[in-house]
Every structure is written in structure tokens, then in C-alpha cells.
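Working notes, structure below.
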DNA sequence: TTTGGCACTCGAGGTGCATGAGTGCTAAAA
DNA sequence: TTTTAGCACTCATGCACCTCGAGTGCCAAA
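Chains as they are written, first to last, in the numbering used here: chain W, 1063 to 1414; chain B, 1063 to 1414.
See the structure below:
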């Protein structure tokens, strides 16, 4: 898209104005608020052309123009400048990000809360994608007859566990034997490559437990392992969207919150963005999806901005916000970037 | 409150009508919809008296009457009849309540989801109150140098755990020793009576670990135990409130969702209801709070209906809904009662 | 005590009109 | 060729005004 300088300037001015006033911007007010060296009539012509290019649109004939999705896209891709936060803005965020937290999930929740508060939008955090990580330990602890706790320790120090039922008459010793046998066989393997077959056959060779008993335990252990890489999503600040003029129509707000409440959808979508980006070999610090680019119901007026945090070298997850597409992108991006940095710092602190 | 029969009848009819139509009900429409043997003028007189008694109120002069909080209270306390659900209603709920779930939290979430779907309101579930339960086991598992998992097993088979940091150079054996020593001392005690002092002094006598190392581990174990009885709350279906006419004003919806998002508040409040009820020696299957009786901001137009589920003989928690005070109380109560029964069944199934 | 009747209230919803911020287009100026 | 001034046109918004109807309270008769 080869826009001449003036067109760029006009588009940028319109986005800036619209984002702050939430009113369709017309040629006159544009002249008033910015120091263009040309007249409003000229701007009108420029605006008409930008509209032909699909970068602007009119809500109705006698109103000003607003940016289209494509217009926003052009804006974020090549017009916008992302500045660093000011010291006071940084301080404000730092005060909210607590350092006294020892678990990844808590770090993420805390960061997401902060993000929602500072942006005023919905924030979301995805748990780390663990499929590629390795199983380090697997313990099965007897809780009481018939009940055990399967503890799965993954590389990068992530711990997951699950209460499972086991045969009533299984003794502590027997359970211990099974547990060690299984652990010996699966330790060091990546989550992807562990299947029930490998787990079952290998374990059976070693222990002298009756097969019927063994099977149940193995099965439970297997499901515990498999569910360790379940993608959790944490959404925060939905109610904040109700304060935005963009959702002053109740029906919009309803659609939005309705979709957000199906949190598997959001998680899946963000995961998808991430995967696509990786497939395309892009390695941006942040990812943006605007309006219709998002194929989720009720999110036509929203944008996603997400970024990636790291857990060691190979494991990553996402955190970001869902806001109205009419937002101050550069500001929000700086905020997200800063929070991301804080998360990474905090995670490193925990895992030395 | 000694109402004569006709007044009762009138109040009941008004509540019933208002709840279904969401329109202030006037004397005429009341006559039309119900078969009163008197004229509208008589009803007008009755209604005027009911208003004097504070059971009805007028939104404005030329409109019909709506029940006041006190009116609703009278209705639920002595007018309403709670019927059993029909078979098909039961079936519908039973289909959603999954039986294949093995953890209490999952049972509760599943039940709350069901409740929100069938009522169309917000549902909430509180985790069981564990303060009074006994500590059965305490294990500290080494995850990697410097990091351990504290597993707390409580009576009634509830398991809680927490990842903690420990001194880097602590060996597996040392940790095991500490772990067993602590366990021997706290096992069988109730969560309330365990203090850091008792835990620390008793453990120190037994093990031969340097005190500085010991302290950190003990402290972490202690916090893990203490946080085991943290009250978790699960809220579901907030977005459904946006579809209700009661919250068609955006500002109301905003206030409501704003308060609900502070979930400690809701949890605290429900816990309080429960405590009060117990203090007063009441042992109802359900508890109702209407409108202004709830001292939370933005919930003036809401009612809480909660009920208690049991985990064994001594441990309990709550589940219920938050809906508009203009709701079909008897229907919702039946639904909640039925779901409660299902929860109790499911819990029993897990804990034999 | 009940009822019919009547005057009154007031919100909801419809119509009409003025306002003003916007537009596109054209013809003249640069 | 590009820019600009001017002009006719559009249309959402807000206000004033009106009507309608469902409600009320009260009074006098049954």
C-alpha cells in the first residue's frame, strides 16, 4: 500500500482523533486540531480517496469518517510509533506487579490483573504450552485406600497433579512399586511422545502386581500426564468493557461477554494466532488482530493484542488484552511490553 | 405480619404477575389474569393498604404496583409454594450434571455451570470450609534442588498442595526427615489449632538438620497448611445478567458486574449469610437474601439464593445463584435443591 | 364493605422542526 | 494539475409538543 506522505499524515491524524474523541472526524475539525497547511476542501478530497482505498468509512452520509479495520491495520503496521512508557507509568505498573509470588500461575494472574487495570480493558493470560516439555518425575502418593495423588513434574519445574481413584486394596508398597516403575520408563520423555501403550507395556514388565489392578492405576496416571498440558486461560476485567462507549449498546456488550465467557474459544483463538505467527516465521514481540480479522462472534469491534512470555528456552505462553478496536494502540502496546518484561523477570527469579 | 386471606391472595397474585411480565401490575390487569370475585376498585383499596404496610410500592403515580423487598420477603416466607421439579426438568439437569468427575472442585464447577444455564442467572460455588477439618498427611516432595512440593491431605480426603522454595543444598533424605517429623506432629490436629510455634518447636526436637535450613522449610510447610483452608469462589454466567430487563440500564449492569468481579466480596458475603444462619440455629435447606438486605453495592436489584452441600459430616460449603429479585423464586429454589442433591450424591460417590 | 364512576397523573411513543456538522461537486484561483 | 472557496444537500440529534392509555385516588350510591 503506497500512500503518499500527506495521505499517511491524514490517516494518522484521523485515527488519533477518533481514538481520543470517539467521534467520526470531519475535514473541518481535522484542520482545527492539527496544523495542516492545506484547506479543509483538500482534506475532503484526500479523505474521499482514502475511503476508496478502503482505509476509511462513513457511519452515514452526513457524518465524518472513521478508520476501517484496514485503516487501523495500516496504522499499526506502518504509521504508529511505539514509545517507551514514562517513568511514572512504569512505576505505577511496578507497584501492582507483586514480587512475592512463587508460582507461575500466580505470576500470570497478577500480571493480567495489572494489565486489565492499567489499560481498562479485558486482559487474558494463557498457561504455558507444555506439550514440548519433558516429564522429569512422576509420583503416585497414597492418600487413603482407594485414592491417590498423581504428581507430575515437568522440565522447567512445572508441577501438575490430580487426585485419582485406585483399587481399594492396593497397598502403599505396591503403589510405590508401580509408581517407580512407571517413572523409570517415562522420565525424560516429552509429553507428546508418551502414549498409553508405551506406558502400559513397559510398566507391566517390571512389577509383579496383578494386571487388572495395574491397569487402572496406569490409566489414571496416563490421564494425569495428559491433562498436565491442558491450556488454561485466565480472563480478567470483563466488566470494564461496559464502561466503554463502544459497548454502550447493550446487545453488543451482551454478545461480547457471551463469547468471552466461553473461555475455551478465546484460548483457542489466541493459541491459533501464536501458531500462525510461528509458522510464518515471524517472531514479533507482540501480535495484533483487529476487528473482523478476529473470527469470533461479538468481537467485531474488538482488537486482540498479545505477547509471549518465556518459561526457560523452549516453553512459552501468551498474555495480552482484548479491547475495543478504537484504542490507543501504541500506549497499550508499550504497557503490554512492559508487563511482559516483568513477567519474564519474575519467572526467571523463581527458576534461577 | 397478620395479613387477611384476601391480602395474601392479592400480594401473591401481584408477585406472580410481576415476575412473569416485568410490568408494574395494576388493579385491572390483576382482575383480568386472576379470577377474583371482587371488583377492581376493591383491589385498588387492598393494594393501597398493602402499600401502607410497605409490601408494595409504586414506581410512579400513574403506574401499577410492584412488590417491595419486604413484599418479596413476605412472599417467600409465607406465600410461596415450592414444588418439585417435573420429570423433564429433572432430566434436563441430570443430563448436564456429569458423573464422571473425580474432584470436588470439578463437581462444584460442573454443578454451578448447570445452575447458571438452567436458571439463566449467575451461579456461584464456594469451596468447602475446611477450617474444622483435620490434617491427615503432610508430605514434602523434592522437585529439584531448591524447590519442593508440599502436599496436605485433609480429612474427608481433600488434597491441597503448593510449590515452595527450600534451601538449595537440602538433600532428599534431609527433606524426608523433616517431612516425617512434621507430619508426626501435626497429623490428626485440626487446621485451626496448628500454629507455627507448635509446628516449629516439635519438629526441631527430632531432626538433626541445621536450624537455619529447617526454619525455611517449616515456614513454607506452615503457609501451605494455612492456605489449604482458603475459601475459593467460582462465579459463572455473569454475561447472562445482561439479557435481563432488570439490567437493561447499562449503569446498573456495570455496577453489578463490577461488584461481582471482586469475588472475595461475594464469597465473604455468602459465608457471612451461612454463619449468621448457623448462629441463629437455623438449619434451612436454602437461604434467601433479597434486594437491600444484601449490603453489596450494585446488588440492590438482586437476590441471593444459596444452599449448603456436605462433605462428610462436618465439612460444608455453599452453592447458589445471584439473580434479579424479580425472579420465580419457587422455581429457582426447586432447581437449586435438586442440584444440591446431585452434588451431595456425587460427593458421596467419590468418598464412598 | 363493595362498587361504579370520574377526574387526574404521567410515562411512552409519535410527529414536526430547527440545528449543525458533515458531505460532494463545481468553478475559479494558484 | 492541484488547491480552494462556495454552495446545495444530507441526516443524526435534540427539543417541544401532542396523544394515548393504563394506572391512580376518592366519592357517593348500592
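Using N, Cα and C, we set each Cβ at its ideal position, and we do this for glycine too.
| query | Among 1211/W, 1291/W, 1170/W, which one has its Cα closest to the Cα of residue 1225/W? | reply | For the purposes of this step, residue 1225/W is identified with residue 163 of the first chain, where counting begins at 1. It is 1211/W whose Cα lies nearest to the Cα of residue 1225/W.
| Cβ-Cβ distance between residue 1377/W and residue 1195/W below 8 Å | As a position in the first chain, residue 1377/W is number 315, starting the count at 1. As a position in the first chain, residue 1195/W is number 133, starting the count at 1. Yes. Within cutoff.
| request: Count the CB pairs spanning the stretch 1375-1390 of chain B and the stretch 1305-1325 of chain B that are closer than 8 Å, and state whether there are at least three. | output: yes
| query | Do residue 1381/B and residue 1174/B have their C-beta atoms closer together than 8 Å? | reply | As a working note, residue 1381/B is residue 319 in the second chain. As a working note, residue 1174/B is residue 112 in the second chain. The answer is yes: Cβ separation under 8 Å.
| task | With residue 1183/B as the anchor, note down where its beta strand (DSSP E) starts and where it stops. | result | Along the second chain, one-based indexing puts residue 1183/B at 121. In this chain, residue 1183/B is not harboured by any beta strand (DSSP E), its DSSP state being neither H nor E.
| query | When you compare only the Cα positions, how much space is there between residue 1154/B and residue 1333/B? | reply | Residue numbering aside, residue 1154/B sits at position 92 when the second chain is read from its first letter. Residue numbering aside, residue 1333/B sits at position 271 when the second chain is read from its first letter. Straight-line Cα distance between these residues: approximately 30 Å.
| task | Report the neighbours of residue 1373/B on chain W: residues whose CB is nearer than 8 Å to its CB, in chain order. | result | In the second chain, counting from the first residue as 1, residue 1373/B sits at position 311. The premise fails here: residue 1373/B is roughly 14 Å from chain W at the closest Cβ pair, so nothing lies under 8 Å.
| Hey, does residue 1252/W have any beta-carbon neighbour from chain B nearer than 8 Å? | Locating residue 1252/W in the first chain gives position 190, counting from the first residue. Not closer than 8 Å to any Cβ of chain B, the Cβ of residue 1252/W fails to qualify, so no.
| request: Step through the CB atoms of chain W and report whether any lies within less than 8 Å of the CB of residue 1357/B. | output: Start at 1 with the first residue of the second chain, and residue 1357/B comes out as number 295. Not closer than 8 Å to any Cβ of chain W, the Cβ of residue 1357/B fails to qualify, so no.
| field | Nearest-angstrom Cβ-Cβ length linking residue 1232/B and residue 1201/W, presumed shorter than 8 Å | value | The count along the second chain starts at 1 and reaches residue 1232/B at position 170. The count along the first chain starts at 1 and reaches residue 1201/W at position 139. Not confirmed; about 18 Å, so no contact.
| query | Residues of chain B with CB under 9 Å from residue 1310/W, in chain order? | reply | What you label residue 1310/W is simply residue 248 of the first chain in a count that begins at 1. Those are 1312, listed as they occur along chain B.
| query | With DSSP run on the structure shown, which of helix, strand or coil describes residue 1129/B? | reply | Walking along the second chain from the start, residue 1129/B turns up at place 67. Residue 1129/B: strand per DSSP, three-state reduction.
| request: Rank 1371/B, 1321/B, 1215/B by C-alpha distance to the C-alpha of residue 1190/B and give the top, closest one. | output: Counted from its first residue, the second chain places residue 1190/B at position 128. The candidate whose alpha carbon is nearest that of residue 1190/B is 1371/B.
| message | Quick check on residue 1259/W: buried or exposed, where buried means 16 or more other Cβ atoms within 10 Å of its Cβ? | response | In the first chain, residue 1259/W corresponds to position 197, counting from 1. Exposed, since its Cβ has fewer than 16 Cβ neighbours within 10 Å.
| message | Please tell me whether residue 1322/B and residue 1328/B are closer than 8 Å, where the distance is taken between their beta carbons. | response | Position 260 of the second chain, counting from 1, holds the residue named residue 1322/B. Position 266 of the second chain, counting from 1, holds the residue named residue 1328/B. In this structure, residue 1322/B sits near residue 1328/B, with a CB-CB distance shorter than 8 Å.
| request: Kindly list the residues whose CB is nearer than 8 Å to the CB of residue 1127/B, restricted to its own chain and excluding five residues on each side of it in sequence; keep chain order. | output: On the second chain, residue 1127/B is found 65 positions in, with the first residue counted as 1. Cβ within range, chain order: 1076, 1086, 1087, 1088, 1109, 1112, 1113, 1118, 1119, 1120.
| message | Between residue 1149/B and chain W, is any beta-carbon pair separated by less than 8 Å? | response | For this step, residue 1149/B is matched to residue 87 along the second chain. It does not: the Cβ of residue 1149/B has no partner Cβ on chain W nearer than 8 Å.
| message | Bridge partners for residue 1377/B per DSSP, in chain order? | response | Residue mapping note: residue 1377/B aligns to position 315 of the second chain, counting from 1. According to DSSP, which records beta bridges pairwise, residue 1377/B is partnered with 1373/B.
| Can you list, in chain order, the residues of its chain whose CB lies under 8 Å from that of residue 1230/W, leaving out five sequence neighbours each side? | By 1-based counting over the first chain, the position of residue 1230/W is 168. So the qualifying residues of the chain are 1207, 1208.
| said: Counting only beta-carbon separations shorter than 8 Å, does residue 1305/B have a partner in chain W? | reply: Counting from one through the second chain, the residue named residue 1305/B turns up at place 243. Taking 8 Å as the threshold, the shortest C-beta distance from residue 1305/B to chain W falls below it.
| request: Provide the residue(s) that pair with residue 1200/W in DSSP beta bridges, ordered along the chain. | output: Position 138 of the first chain, counting from 1, holds the residue named residue 1200/W. The secondary-structure analysis by DSSP pairs residue 1200/W across a beta bridge with 1214/W.
| request: Select from the stretch 1213-1231 of chain B all residues with a C-beta closer than 8 Å to any C-beta belonging to chain W, and list them in chain order. | output: 1213, 1215, 1219, 1221, 1223, 1224, 1225, 1226, 1227
| request: Below 8 Å on the Cβ atoms is my guess for residue 1287/B versus residue 1214/B; work out the distance and round it to an integer in Å. | output: Taking the second chain and counting its residues from 1, one reaches residue 1287/B at position 225. Taking the second chain and counting its residues from 1, one reaches residue 1214/B at position 152. About 6 Å; that satisfies the 8 Å criterion.
| Within 10 angstroms of its Cβ, does residue 1273/W collect 16 or more other Cβ (buried), or is it exposed? | Mapped onto the first chain, residue 1273/W falls at position 211. Exposed, by the Cβ-count rule.
| field | Opening and closing residue of the beta strand (DSSP E) in which residue 1298/B lies | value | For the purposes of this step, residue 1298/B is taken as residue 236 along the second chain, with counting starting at 1. Residue 1298/B: member of the beta strand (DSSP E) spanning 1295-1298, first to last residue.
| query | What is the residue span of the alpha helix (DSSP H) that residue 1413/W lies within? | reply | Your numbering for residue 1413/W matches position 351 in the first chain. First-last for residue 1413/W: undefined, no H or E at that position.
| query | If we cut at 8 Å on Cβ distances, does residue 1237/W have a partner in chain B? | reply | Within the first chain, numbered from 1, the residue matching residue 1237/W stands at position 175. No, residue 1237/W lies away from the interface with chain B (no Cβ there is under 8 Å from its Cβ).
| field | Status (buried if at least 16 other CB within 10 Å, exposed otherwise) for residue 1408/B | value | By one-based count along the second chain, residue 1408/B stands at place 346. Flag for residue 1408/B reads buried.
| query | Does the beta-carbon of residue 1130/W have 16 or more other beta-carbons within 10 angstroms, so that it is buried, or is it exposed? | reply | As a first step, residue 1130/W must be located in the first chain, where it is residue number 68. Result: buried.
| said: Can you look up residue 1368/B in the DSSP assignment and give me helix, strand or coil? | reply: On the second chain, position 306 is the one that residue 1368/B refers to. In this structure, residue 1368/B counts as strand in the three-state DSSP scheme.
| So, helix, strand or coil for residue 1102/W, using DSSP? | In the first chain, residue 1102/W corresponds to position 40, counting from 1. Three-state DSSP puts residue 1102/W in a helix.
| query | Cα separation between residue 1271/B and residue 1160/W? | reply | Here residue 1271/B is taken as the residue at index 209 of the second chain, counted from 1. Here residue 1160/W is taken as the residue at index 98 of the first chain, counted from 1. C-alpha separation (whole angstroms): 32 Å.
| field | Alpha carbon of residue 1384/B to alpha carbon of residue 1100/W, nearest angstrom | value | If you number the second chain from 1, residue 1384/B lands on position 322. If you number the first chain from 1, residue 1100/W lands on position 38. Whole-angstrom Cα-Cα distance: 59 Å.
| So, do the stretch 1130-1147 of chain B and the stretch 1351-1361 of chain B have three or more beta carbon pairs nearer to each other than 8 Å? | Touching, yes, given that three or more Cβ pairs across the two stretches are closer than 8 Å.
| Contacting residues, own chain, Cβ-Cβ under 7 Å from residue 1144/W (five flanking each side not counted) | The sequence position of residue 1144/W within the first chain is 82, counting from 1. Cβ neighbours of residue 1144/W beyond the five flanking positions: 1392, 1395, 1396.
| Residues that residue 1382/B bridges to, as DSSP identifies them | For the purposes of this step, residue 1382/B is identified with residue 320 of the second chain, where counting begins at 1. DSSP lists 1186/B, 1368/B as partners of residue 1382/B.
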